[in-house]
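Heads up: the sequence shown at position 114 corresponds to 195 in the numbering used here, and the numbers run straight through without jumps.
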Amino acid sequence: MKISLTGALLIVAGIAMAGLGLTVWSLNSELTTQTSLVTKQAGQLVNKQLEVDALAAEVKNLNEQAQALVDEQLLVAQLNTEHQQSETQINEQHLAVMINSNELKVSEHDPTRAWANTALPDAAGQLLQQASGSSHYHSNKNSDGTTTSKLSTIGLRTAAL
């Protein structure tokens with residue numbers, strides 16, 4: 082069996098073609114595997130991007146909440162300052178009234194002094210207490226028929242009717 086040169090070339094070409102086919106199949110299989118991997122990683126990348134976007138939105142929301150809390154804290158501080166100023170002003174006015182009341186009680190003019198030292202009736206004390214906005218009017222009858230109350234803290238006495 083003699084193989085001609087053409088036959089040998091055909092056999093070598095066939096083996097080369099089979100080798101090339103096997104190489105192409107192997108490369109095609111590798112390409113398919115890599116394509117699947119890239120597709121999978123692209124999906125993971127999309128999921129990660131969605132997570133990043135969600136976290137960024139959450140950070141933005143938390144920053145807005147933090148700013149709202151800062152604004153609220155500033156408002157509370159401002160209200161506290163205004164309250165303290167009002168309280169100081171009320172205390173100063175109360176002190177002025179007390180000084181004036183005490184001056185009337187020691188007045189050299191007898192009718193004025195008698196008027197200033199006269200105890201208020203219980204009903205008048207209740208009206209004064211209600212007018213001042215306090216709902217805590219408590220009175221206690223003394224043995225002499227006079228009544229002590231929170232009004233005594235401002236220098237006013239009340240008497241039972």
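For each residue, glycine too, the CB sits at the ideal point set by N, CA and C.
Quick caveat: nothing in here was measured; it's all calculated off a predicted structure.
Contact check, residue i vs residue j under 8 Å by CB: the rounded distance?
i      : j      : result
Leu208 : Ala197 : With 8 Å as the limit, Leu208 and Ala197 do not qualify as a contact, their Cβ atoms being about 19 Å apart.
Using a 10 Å radius around the Cβ and a threshold of 16 neighbouring Cβ atoms, would you call residue i buried or exposed?
i      : result
Gly206 : buried
Gln159 : exposed
Ala200 : buried
Gln125 : exposed
Gln271 : Since the first and last residues shown for the chain are 82 and 242, residue 271 lies out of range.
Could you say which of the options lies nearest to residue i if we only look at CA atoms?
i      : options                  : result
Thr193 : Ala89, Leu108 and Asn181 : Asn181
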